[in-house]
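Residue numbers (our numbering), protein chains in the order written: chain A, 1 to 250; chain B, 1001 to 1409. Ideal placement from N, C-alpha and C gives every residue a C-beta, glycine not left out.
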Amino acid sequence: MASAPLIFLDNVVKTYVMGDVSVHALRSVTLAVEQGEFTAIMGASGSGKSTLMNIVGCLDRPTSGRYLLDGQEVSRLSTEQLAEVRNRTIGFVFQSFNLLSRTDALENVELPLLYAGVGTAERHRRASESLAKVGLADRAHHHPNQMSGGQQQRVAIARALVSRPRVILADEPTGNLDSRTSVEVMALFQDLGRAGITVVLVTHEPDIAQYASRVVVMRDGRVLSDARQAPRVAELPPPGAAEPGEEVAR
Amino acid sequence: MNWLQTLRVAVRALTRNKLRSFLTTLGMVIGVSAVIAMVAIGDGAKARVEAAFAAMGSNMLIVLPGTSTAGGAMGGFGSMPTLTWDDLKAIQVELPTVRAAAAQLRATAQVMSEDQNWTTSVFGTSPEYFQIRTWPASHGEIFSQADVDGGTKVAVLGQTVADKLFGPNSSPVGQIVRVKNIPFAVIGILEKKGQSQWGQDYDDTVIVPVSTFQQKIQGGLKNVIAGSIAVSATGADATARAENQIRGLLRDRHRLAQGADDDFSIRNLSEIANAQQEGTRTLTTLLAAIAAVSLLVGGIGIMNIMLVSVTERTREIGLRMAVGAKPSDIRLQFLVEALTLAVMGGLIGVALGLAGAWRLATSFGWEVLYRPDVVLVAVLFSGLVGVVFGLYPAHKASQLDPIQALRFE
C-alpha cells in the first residue's frame, strides 16, 4: 500500500450508553480502504456493521480511536463540519431509496448541490449529467411514485454521485430490489469503482457481496475476516432488451 | 442554501398540504383581518369626530353667564346675565391666549322671503364670530365691524335657510328677508357646515350684526350680554390655558371672593373632543388586546402544525442532513416555513380586513380610513409571530440525529 488509504479507521471504538447499560457496538476496528476499492461489509444484525457504516459516513463519531478520511482527521469535527464533509466527500445510497416524494427525479438529484451552494443553472446541468450516467436521462421529470424500484434506486445513486464524492456508501442498496435490478445496481457500482470512486457496501446477502473486490465480515463489533477476492462481473442485460421488472408503476 | 432557495423549498413543502396550510393560517387570517377592519373603521369614526369638532370652531371655548337662583330653583346656564360687554372687551384685549372673542345672542324667529317662511335661530354677533367658527361665506360676504357699529339691517344666511326661503341653487344675495317683519338685506350665504354630532343643523341659521339684533329683534339690558361669548384660543394647546385665564379675568372683574362659586361657566370644546378621542383610544387598545390574543392563538396553531410537520418529515430531515444539510440549514428551512405561513396569513388577513371594512362601510354608511402603517405593522407582526412560534419546531428539527431520523418510520 503505497499511497495513504482513502478511508483509515484506527482502533475505532463505539460505545452507546443506554441508562445503566453500555452497548459496545464497535470494539476496536482498524480498517483501511484504498481509493477505487469496492468493499462489501457483511455481518449479522448486531454485528456492528451499521455502526461502522455510520462512522465511515460521518453521521456518527467514534467514542475513541481515529478516523482519517482522505487524510483528514474527521472523528473530532463538529456537527456542522461533518455535514460539509458528507456533502463534499460522501454519497449515500439507502435500502429504502429515501427520495423526496412529489419531487421529480432531477430535483431529487440536485438536493446535495443545494446544500453545497451551487447555482441553479449549474445544478440542473450536473443533475442531468448524473441522471444520464445512471441511464435515466429521459426520466428527469418523473416523480418517484411513477418509477419502478430499480429506477428509484438509480435516481438515488445519481443523487449520491452528483456532488462528485470520493466515497459512495450503500446501506443494503438491493434490499428492496429483485435480483435482476440488483445486478444492474451492482454493475453501476463496479463502473464507479473503475472510475476511481470508492464504494463501501453493507449487505447481508452473500450473492451481492460476490460483486465486491473485498469482503469484510463483522461479528460482535470486531472485524472477523477481511479478504480480497476476484469480483464476479455483473452482467448487464443486452441493451435495448425489454426490462420486465422496470415498467411497473407508471 | 440562499434565502430564495430556502423560500422555494418552504413554499413547496407548504403547497404539498394546501388545505392544512390554509387551515393553519386561519388563526392569523382572522386575527389580522379583525384588527385591520376595526382599525380602519375606528380611524374613520375618529376622523369623523375630529371633523365634527372642527366644524364647531377652531380651538373654541364658550363662556356662558351664570345661573339665577330663585327660592331654591336653579335657573340653568344663562338664566342670569352676568357677562358684560366690558367683560368681552377685556377678554379680547387682555388675554394673550385668546385669538378672538365674540358675543353671540340667540333668538328663535320666523324669517320670510317674498313667498316662503321658515322658523330658525337668529344670531346676533360680530365679524370675529365667523373667524372663531372658521365659517366663510360661499356667496357674497359677511358683515363688517362698520355694520355692527352702524346697526345696519344686513343678514348672512346659512345654507339651509337660503334653500328653504329661496329654493335650492338660488342666489339670494341682494334679496330681502324679513325677520320679525323687519327687512334685512341678504349680503352673504355661509358655506355648508353640515350637522353637529348631535344632529343639529349648523346651516339652519341667520346671522345679523349684534347691534341690529339688540335694536330690532331682541332687546335687553344695555350693559350685559344676553347670550354667551364664543372664544377662539391661539392654538390647540392653548385652550386649557385660555380657559384658566378667562376664569381668572372674569373672577377678578366680577370681584368674586376666594372660594366663591363662579358666576359664569366655560365650556372647552377641545376638551370634549379630547374626551371623545380618549374613548376611541380605549377602543383601539381593546382591539389591540384582541389582536394580541388572536395572533397568539394563531401562533400556537402554527407551532402545532410545524411540530407535526417536523415529525412527519423526520426521514426527509435525516436525508437532507445525510446529503450535507447543516443543522442551521434545517433550522432555517423550518423557520422560513413558519414565517411563510404566518406572513401569508397576515397578508390574507390584511386583504380580508380591508375588504371587510369597505363592505361594512358601504352597507352602513360609515367612514373608513385605511392606514398603510397599520397594514405594514400587521404584516410585520404576523411575521414576528411566525418566527417566535416557528423557532422551537425549527430548533427541534435541527437537533435531530440523522441516523435516528433516517430510521424513523
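Measure the beta-carbon distance from residue i to residue j and round it to whole angstroms, keeping in mind my assumption that it falls under 8 Å.
| i | j | result |
| --- | --- | --- |
| Leu1400 (chain B) | Ile1317 (chain B) | 5 Å |
| Ile1290 (chain B) | Ala1034 (chain B) | 7 Å |
| Val1343 (chain B) | Gly1383 (chain B) | 5 Å |
| Met218 (chain A) | Ile41 (chain A) | 6 Å |
| Leu1064 (chain B) | Arg1267 (chain B) | 7 Å |
| Val202 (chain A) | Ser50 (chain A) | 7 Å |
| Leu1283 (chain B) | Gly1042 (chain B) | 6 Å |
| Ser1138 (chain B) | Ile1189 (chain B) | 5 Å |
| Leu1341 (chain B) | Thr1025 (chain B) | 6 Å |
| Met1038 (chain B) | Gly1345 (chain B) | Not confirmed; about 17 Å, so no contact. |
Starting from residue i and walking both ways along the alpha helix (DSSP H), at which residues does that stretch end?
| i | result |
| --- | --- |
| Arg1331 (chain B) | 1327-1364 |
| Pro1081 (chain B) | Pro1081 (chain B) -> no alpha helix (DSSP H), and no H or E assigned at all. |
| Pro112 (chain A) | 105-116 |
| Phe1381 (chain B) | 1372-1398 |
| Gln1104 (chain B) | Premise fails: Gln1104 (chain B) lies in the beta strand (DSSP E), 1098-1112, not in any alpha helix (DSSP H). |
| His1139 (chain B) | Here His1139 (chain B) belongs to no alpha helix (DSSP H); instead the beta strand (DSSP E) covers 1137-1140. |
| Val1035 (chain B) | 1018-1056 |
| Gly1299 (chain B) | 1269-1312 |
| Ala1257 (chain B) | Unbroken run through Ala1257 (chain B): none, as it is neither H nor E. |
| Ser1170 (chain B) | Segment: none, Ser1170 (chain B) is in no alpha helix (DSSP H) and carries neither H nor E. |
| Asp191 (chain A) | 179-194 |
| Ala1129 (chain B) | Per the sequence presented here, residue 1129 (chain B) reads as Tyr, with Ala not at that position. Counting along the chain, the alpha helix (DSSP H) containing Tyr1129 (chain B) begins and ends at 1128-1132. |
Given a cut-off of 9 Å, decide if residue j and residue i are closer than it, judged by their beta-carbon atoms.
| i | j | result |
| --- | --- | --- |
| Arg166 (chain A) | Leu6 (chain A) | yes |
| Thr198 (chain A) | Gly36 (chain A) | yes |
| Ala1013 (chain B) | Arg1313 (chain B) | yes |
| Ala1394 (chain B) | Ile1305 (chain B) | no |
| Leu114 (chain A) | Arg86 (chain A) | no |
| Lys133 (chain A) | Thr63 (chain A) | no |
| Val1179 (chain B) | Ile1217 (chain B) | yes |
| Ser1211 (chain B) | Gly1158 (chain B) | no |
| Gln1277 (chain B) | Thr1097 (chain B) | no |
| Asp1162 (chain B) | Gly1174 (chain B) | The sequence as given places Ala at residue 1162 (chain B); Asp does not occur at that position. Against a cut-off of 9 Å, the Cβ pair of Gly1174 (chain B) and Ala1162 (chain B) comes out as no contact. |
| Ile168 (chain A) | Val216 (chain A) | no |
| Glu172 (chain A) | His204 (chain A) | yes |
| Leu1165 (chain B) | Gln1195 (chain B) | no |
| Arg214 (chain A) | Phe38 (chain A) | yes |
| Leu192 (chain A) | Pro144 (chain A) | no |
| Val1375 (chain B) | Ile1036 (chain B) | yes |
| Thr103 (chain A) | Ser148 (chain A) | no |
| Ala1102 (chain B) | Glu1128 (chain B) | yes |
| Ala1040 (chain B) | Leu1369 (chain B) | yes |
| Gln152 (chain A) | Phe97 (chain A) | yes |
| Ala1230 (chain B) | Leu1061 (chain B) | yes |
| Val1385 (chain B) | Gly1298 (chain B) | yes |
| Ala1242 (chain B) | Leu1095 (chain B) | yes |
| Pro1209 (chain B) | Val1148 (chain B) | yes |
| Val29 (chain A) | Gly196 (chain A) | no |
| Val233 (chain A) | Ala170 (chain A) | no |
Which residue comes first and which comes last in the beta strand (DSSP E) that contains residue i?
| i | result |
| --- | --- |
| Ser28 (chain A) | 21-33 |
| Phe1123 (chain B) | 1117-1125 |
| Thr15 (chain A) | 7-18 |
| Phe92 (chain A) | 90-93 |
| Gly1150 (chain B) | First-last for Gly1150 (chain B): 1145-1150, but that is the alpha helix (DSSP H), not the beta strand (DSSP E). |
| Tyr1202 (chain B) | Taken as a continuous stretch (DSSP letters only), Tyr1202 (chain B) belongs to no beta strand (DSSP E), as it is neither H nor E. |
| Thr1160 (chain B) | Premise fails: Thr1160 (chain B) lies in the alpha helix (DSSP H), 1159-1166, not in any beta strand (DSSP E). |
| Asp226 (chain A) | 222-228 |
| Val217 (chain A) | 214-219 |
| Ile1189 (chain B) | 1182-1190 |
| Thr198 (chain A) | 198-202 |
| Met42 (chain A) | 38-42 |
Could you tell me which chain D residues have their CB closer than 9 Å to the CB of residue i, listed as they occur along the chain?
| i | result |
| --- | --- |
| Asn176 (chain A) | Looking at the structure shown, chain D is missing, and the protein chains on hand are A and B. |
Exercise. Which residues, taken in chain order from the stretch 125-150 of chain A, show a beta carbon closer than 8 Å to some beta carbon of chain B?
Worked result: none
Exercise. At a Cβ cut of 7 Å, what residues of the stretch 1380-1403 of chain B count as close to chain A, listed as they run along the chain?
Worked result: Within the stretch 1380-1403 of chain B, the qualifying residues are Pro1402, Ile1403.
Exercise. Taking Cβ-Cβ distances below 8 Å as the criterion, which residues of the stretch 73-86 of chain A are in contact with chain B?
Worked result: Thr79, Glu80, Ala83, Glu84, Arg86
Exercise. Per the contact definition of three or more C-beta pairs closer than 8 Å, is the stretch 1132-1146 of chain B in contact with the stretch 1110-1123 of chain B?
Worked result: Counting Cβ pairs under 8 Å, fewer than three are found: no touch.
Problem set entry | Cβ-based contacts, 9 Å cut-off: residues of the stretch 1317-1331 of chain B near chain A | Gly1318, Leu1319, Arg1320, Met1321, Ala1322, Val1323, Gly1324, Ala1325, Lys1326, Pro1327, Ser1328, Asp1329
Exercise. If you measure beta-carbon to beta-carbon, which residues of the stretch 1003-1030 of chain B are closer than 7 Å to chain A?
Worked result: The stretch 1003-1030 of chain B vs chain A, Cβ under 7 Å: Gln1005, Arg1016.
For this session: State whether the stretch 1192-1201 of chain B contacts the stretch 1231-1251 of chain B, with contact taken as three or more CB pairs (one from each stretch) at a distance under 8 Å.
Result: no
For this session: Name, going along the chain, the residues of the stretch 100-116 of chain A whose beta-carbon falls closer than 7 Å to a beta-carbon of chain B.
Result: Leu100, Arg102, Leu111, Pro112, Leu114, Tyr115, Ala116
For this session: Pull out every residue of the stretch 1350-1380 of chain B whose Cβ sits closer than 7 Å to any Cβ of chain A, in chain order.
Result: none
Exercise. So does the stretch 73-85 of chain A actually touch the stretch 125-132 of chain A, counting three or more Cβ pairs closer than 8 Å?
Worked result: no
Exercise. Listed in chain order, which residues of the stretch 43-68 of chain A have Cβ atoms closer than 8 Å to some Cβ of chain B?
Worked result: Asn54, Gly57, Leu59, Asp60
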